[in-house]
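Student:
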Amino acid sequence: MELITEFLMKPKVDFAFKEIMTDETTRIGFLSAILKLDPNSITETHLLNTNLRKEHDEEKQGILDVRISMNDNTEIDIEIQLTELKVWADRSLFYLAKMYTEQIQKGQAYDVFKKCISINILNFTLFPKDTEFYSCFRILEETRHTLYTDKMEFHVLELPKLPKELTEDSNRILLWAKFINAERKEDFEMLAKKDVYIDHAYQQLQRISQDKEKRLEYEAREKAIRDYNQMIQEAEQRGEQRGIECGMERGMECGIERICKLHNLLIQNGRYEDLARSSKDSDYRNQLLKEYKI
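One gets this note's numbering by counting positions in the sequence shown from 1 and adding 11 to each.
Now the structure itself:
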C-alpha cells in the first residue's frame, strides 16, 4: 500500500531517526551500509536503548542515542548531533569506552568483551582539513598500520560535506547519508528507488509522520533543539557585546594611564609649555608619547 503524507519528519532530527531505527529491516540496511557488510551476514539486531541520555549538567539539550546489539557479538551506539560541539571526538571516545567497560562484571574474564562501534552523524564539520564526508577510525600502529584490536571502532558522517549530486557509482554510505540529510519528498523518493532498504526506511518515515502522537513528540523535540540553539546564540551574542564593552573600557583606561604618565614626565622635566600644548593638540600629544616611548 502506497503511503502518502504532506508532512514528513526530518530523519536527522534524532527523534525521527530513532523511530526509523525501531524497524529491524531498516536497521539491517543501515548497519550493513555503514559497516560495509553483506546484509545477509547480519542475522539479528536488537535495540538496547533509545532513551534521552543526559549524564552531565552541561548537556542541557540531551542526546537521543540508539543502542543496538548485532549478531550478539557487537554493540553499536548511533548518535546524531545537529549543533557544533568542538569536543565531540573526546566525548564520543568517552562514551564508547564507557560502553566497552560496562560489559564486564567483577570476577569475569576479559574474554567477555564484545566489539563496540560508535556511529556519529554530525550536522557540522569535525575535520575541516579533510574533504571526505565519511571517516572510519580504528586503533592501528602508527607506521605499519598493524591493527592493535578490532574491539573499538568509530564511524563519522559529516553531513555538510555531502556532494550535491549523486553519480552512477555512489556507494550505499552516501545514499544513506543523503537520506538522513534529506528534507524534500522528491529527494526521499529518488533515494528510495536506488536502495531497497532506503525504500523500506522511507515507508517507515511516512508511517511515523502520519502518527499524531509521534508527530507531537517530534515537534516537541524539534522545538527543544531550536530553543537550545537560540539560547546558545543569544549567550554568544551577549558574550561578544560584553567583550566589546570591556575592550572599550580597558582601552579608555589604558589611554588615560598613558596620558597621566606623559604629564608626570613633562612636569618632572619642566616642560610646562609642552604640557599645556599637549592638552589641546592630540597630534602633538601623540608625538610626545612616541618620544617618551609610552
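Cβ coordinates follow ideal geometry from the N, Cα and C atoms, glycine included.
Is the region 86 to 105 touching the region 133 to 150 in the sense that three or more CB pairs, one from each, lie closer than 8 Å?
Tutor: These segments touch.
Student: Buried or exposed for Y208, please, with buried defined as at least 16 other CB atoms from any protein chain shown within 10 angstroms of its CB.
Tutor: Against the sequence shown, residue 208 aligns to sequence position 197. Label assigned to Y208: buried.
Student: Within 10 angstroms of its Cβ, does S290 collect 16 or more other Cβ (buried), or is it exposed?
Tutor: Numbered from its first residue, the sequence shown carries residue 290 at position 279. S290 should be labelled exposed.
Student: Determine the contact status of R183 and A44, defining contact as a CB-CB distance below 8 Å.
Tutor: In the sequence shown, counting from the first residue as 1, residue 183 sits at position 172. In the sequence shown, counting from the first residue as 1, residue 44 sits at position 33. Taking the C-beta atoms as reference points, A44 is found nearer than 8 Å to R183.
Student: Less than 8 Å separating the beta-carbons of L300 and R269?
Tutor: Position 289 of the sequence shown, counted from the first residue, corresponds to residue 300. Position 258 of the sequence shown, counted from the first residue, corresponds to residue 269. Yes, the Cβ-Cβ distance between L300 and R269 is below 8 Å.
Student: Over what stretch of residues does the alpha helix (DSSP H) that includes K125 continue unbroken?
Tutor: What you label residue 125 is simply residue 114 of the sequence shown in a count that begins at 1. K125 -> no alpha helix (DSSP H), and no H or E assigned at all.
Student: Buried or exposed: I39, going by 16 or more other Cβ atoms within 10 Å of its Cβ?
Tutor: Here residue 39 is taken as the residue at index 28 of the sequence shown, counted from 1. Result: buried.
Student: Kindly indicate the opening and closing residues of the alpha helix (DSSP H) around L42.
Tutor: By one-based count along the sequence shown, residue 42 stands at place 31. Here the alpha helix (DSSP H) through L42 covers 35 to 45.
Student: Below 8 Å, how does it come out for the region 192 to 204 and the region 219 to 235: are there three or more Cβ pairs, yes or no?
Tutor: no
Student: Mind checking which residues open and close the alpha helix (DSSP H) that includes D307?
Tutor: In the structure as shown, the chain begins at 12 and stops at 305. Residue 307 is therefore absent and cannot be evaluated.
Student: Enumerate in chain order the residues of its own chain whose CB-to-CB distance from I31 is below 8 Å, with the five nearest sequence positions on each side excluded.
Tutor: By 1-based counting over the sequence shown, the position of residue 31 is 20. For I31, where only same-chain residues beyond five positions count, the Cβ hits under 8 Å are P22, T37, A212, Q215, L216, I219.
Student: Ignore the nearest five residues each way along the sequence and tell me which others in L42's own chain have a CB closer than 8 Å to its CB.
Tutor: The residue you call residue 42 lines up with position 31 of the sequence shown. The answer, listed in chain order, is L48, I53, T56, I79, M81, I87.
Student: Skipping 5 residues on each side, what residues in its chain have a beta carbon closer than 7 Å to that of E228?
Tutor: Against the sequence shown, residue 228 aligns to sequence position 217. Within the same chain, and ignoring the five residues on either side of E228 in sequence, the residues whose Cβ sits closer than 7 Å to its Cβ are F26.
Student: Between M20, V77, F18, L19, which has its C-alpha nearest E35's C-alpha?
Tutor: Sequence index remark: in the sequence shown, residue 35 carries index 24 (1-based). Comparing Cα positions, the closest option is V77.
Student: Looking at the secondary structure, which residues open and close the beta strand (DSSP E) in which H166 lies?
Tutor: Translated into the one-based positions of the sequence shown, residue 166 becomes position 155. Start and end: 158 to 169.
Student: Report all residues from its chain with a CB closer than 6 Å to the CB of S129; omit the five preceding and five following residues, and keep chain order.
Tutor: If you number the sequence shown from 1, residue 129 lands on position 118. Hits under 6 Å: D88, S103, L107, F165.
Student: Contact check, K205 vs L186 under 8 Å by CB: the rounded distance?
Tutor: Taking the sequence shown and counting its residues from 1, one reaches residue 205 at position 194. Taking the sequence shown and counting its residues from 1, one reaches residue 186 at position 175. Correct: roughly 6 Å between the Cβ atoms.
Student: I need the straight-line Cα distance from L19 to V123, nearest angstrom please.
Tutor: By 1-based counting over the sequence shown, the position of residue 19 is 8. By 1-based counting over the sequence shown, the position of residue 123 is 112. Whole-angstrom Cα-Cα distance: 42 Å.
Student: Helix, strand or coil for T94, going by three-state DSSP, please let me know.
Tutor: Position 83 of the sequence shown, counted from the start, is the residue given in the question as residue 94. In the three-state reduction of the DSSP assignment, T94 falls in the coil class.
Student: Need the endpoints of the alpha helix (DSSP H) that I79 sits in, please.
Tutor: Counted from its first residue, the sequence shown places residue 79 at position 68. Where I79 is concerned, there is no enclosing alpha helix (DSSP H), although the beta strand (DSSP E) it sits in stretches over 77 to 81.
Student: With a threshold of 7 Å on Cβ separation, who are the neighbours of L286 within its own chain once the five nearest residues in sequence on each side are excluded?
Tutor: Here the question's residue 286 lines up with position 275 in the sequence shown. Around L286, the same chain offers H274, L277, I278 as residues with beta carbons nearer than 7 Å, after the five sequence neighbours per side are excluded.
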